[in-house]
Every structure is written in structure tokens, then in C-alpha cells.
Amino acid sequence: AQTVTQSQPEMSVQEAETVTLSCTYDTSESDYYLFWYKQPPSRQMILVIRQEAYKQQNATENRFSVNFQKAAKSFSLKISDSQLGDAAMYFCAYRIHGTSYGKLTFGQGTILTVHP
Amino acid sequence: EAGVAQSPRYKIIEKRQSVAFWCNPISGHATLYWYQQILGQGPKLLIQFQNNGVVDDSQLPKDRFSAERLKGVDSTLKIQPAKLEDSAVYLCASSLRIAGSDTIYFGEGSWLTVV
Numbered sequence: 001a002q003t004v005t006q007s008q009p010e011m012s013v014q015e016a017e018t019v020t021l022s023c024t025y026d027t028s029e030s031d032y033y034l035f036w037y038k039q040p041p042s043r044q045m046i047l048v049i050r051q052e053a054y055k056q057q058n059a060t061e062n063r064f065s066v067n068f069q070k071a072a073k074s075f076s077l078k079i080s081d082s083q084l085g086d087a088a089m090y091f092c093a094y095r096i097h098g099t100s101y102g103k104l105t106f107g108q109g110t111i112l113t114v115h116p
Numbered sequence: 001e002a003g004v005a006q007s008p009r010y011k012i013i014e015k016r017q018s019v020a021f022w023c024n025p026i027s028g029h030a031t032l033y034w035y036q037q038i039l040g041q042g043p044k045l046l047i048q049f050q051n052n053g054v055v056d057d058s059q060l061p062k063d064r065f066s067a068e069r070l071k072g073v074d075s076t077l078k079i080q081p082a083k084l085e086d087s088a089v090y091l092c093a094s095s096l097r098i099a100g101s102d103t104i105y106f107g108e109g110s111w112l113t114v115v
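Respectively, the protein sequence lines represent chains A and B.
When we follow the numbering used here, the leftmost residue of the first sequence carries the number 1, and every step to the right adds one.
When we follow the numbering used here, the leftmost residue of the second sequence carries the number 1, and every step to the right adds one.
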């Protein structure tokens, strides 16, 4: 069974600074996808960034970037120039590649606080 | 483009009562998911539909939970009878295809409190 672990229950950062959220996962699959989702108090899960396991290049989306280490099964999220609107719960998630498997497996989440 | 719609947003019931949640996915999305998110945890998949057929319901407590997706569009999740441990946010999500790379879009969730 696949598992996703986020070892940091809470993180904080000063506005305009950089913060890194950690995620590790366990799988026997070779082809899969990894995601970071943001969940504000409204509870709607918003996709932040996606990484295909077969790609060596780390994904980036504006201020958000990942450090994907496939051998170590590590997938961290770096938020640069943090903004007050970045404050939320962040979830790391995993999904097997394939035409018949759409299940997301989530980690426990990391609460990010941004201080002005 | 309208997002995933869910109702009701909030529900408080007593244990042993029943409750139903409704979900309307994004138009044209063939795959629909129900996730359960207990406070302080990540969401857990309860059931996944492809059109109106069930793809995965391995984590659905079938003695009390049921779900259907008639005509392959809207879906209803029912809990009967509810237990205290069912208190959670029930998130509905949809995706255009079932393929692993496809983006899954989430609704805002239905908050259930069982007292």
C-alpha cells in the first residue's frame, strides 16, 4: 500500500521569506504522480503543483517549486516570497499512473502560518 | 466554468440519524470521487465512480454508507445510521478522465457533526 508522510504538523514563515514543506512517500510503483494541494479554511482543496515521476526536472509554478528526489522518495515544496494569502493547510498527495486508477493518497497535512 | 457544487454545506445530526449529501461535478467530468476528511487528517477516498459505475469502494463502510451516481452526473452520499466517528468534512471531487495525470477538482465540502 502507498503511504504519504508529512513530518511537520506546523510551519511558520515571515512575509516575503522562503519556506520549505517536507513530504516523503512509500511506493513500489515506478510510474506515478505527486501533488501539493492547498486547503484554506473554506476546505476546498486547490492544486498548487504537480510532478510526474518519470520527469527528472523539478516542477515550478511561479513562487512554488518542488525538490523531487525519486530515489529517496522525497517531495518537498518550496514557497518563495511568501504572502499572507499562502497561509493554509498544505497536503502532499500521490497518485498511481494508469488509465484505471484515479485515487489520491494524502499525507496528514502541514499548517502554514505567514507572519506579516 | 462552474466548479464542483456540494450541499448542504453544514449539517448537525444526532447519532443513529441519517444524512445525505449531494454533489454536482464539473460539466463533462466522467469521474467523481467522495473523500472523507476527519479533522486533523488528510482526505481519504470513500468511493470513486466512472460515469455511473463504481470503480473503487474499498474504503467505504458499506454497513452504513451508500452512494449512487444516477445518469452519470450528480451523486448522493448517504450515511445511515450515523456514528460519532462520522463527524468529518465530506469532499466531492471530479475529473475529466480517470487517467493518472488528470487534474482532480474539489468542491468546498459538506461539514458533518454527529452529536
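Every residue gets a Cβ at the ideal spot worked out from N, C-alpha and C, and that includes glycine.
Just so you know, these numbers come straight off a predicted model, no measurement behind them.
Neighbouring residues, chain B, relative to A/S42 (Cβ below 7 angstroms): Within chain B, the residues near A/S42 are E108.
Residues of the region 27-44 of chain B whose Cβ lies closer than 9 angstroms to any Cβ of chain A, in chain order: T31, Y33, Y35, Q37, G40, Q41, G42, P43 and K44
Coarse secondary structure for B/E85, derived from DSSP in three states: helix
Opening and closing residue of the beta strand (DSSP E) in which B/G53 lies: Run containing B/G53: G53 to D56, per the beta strand (DSSP E) assignment.
Proximal residues to A/D81 (C-beta, below 7 angstroms), its chain only, five neighbours per side dropped: So the qualifying residues of the chain are A16 and R63.
Cβ distance (whole Å) where B/P61 is taken to contact B/R16 below 8 angstroms: That pair is no contact at about 15 angstroms.
Chain-order list of residues whose beta-carbon lies under 8 angstroms from that of A/I49 (same chain, five-residue window excluded): Close CB contacts of A/I49 within its chain, under the 8 angstroms cut and outside five residues either way in sequence, are with F35, W36, A59, T60, E61, F64, S65, V66 and L77 (chain order).
Short CB-CB distance (under 9 angstroms) between A/L77 and chain B: no
Residue-level contact to chain A via CB, B/V55, 9 angstroms cutoff: It does; some Cβ of chain A falls within 9 angstroms.
Cutoff 9 angstroms: A/V4 Cβ touching any chain B Cβ: So, interface residue.
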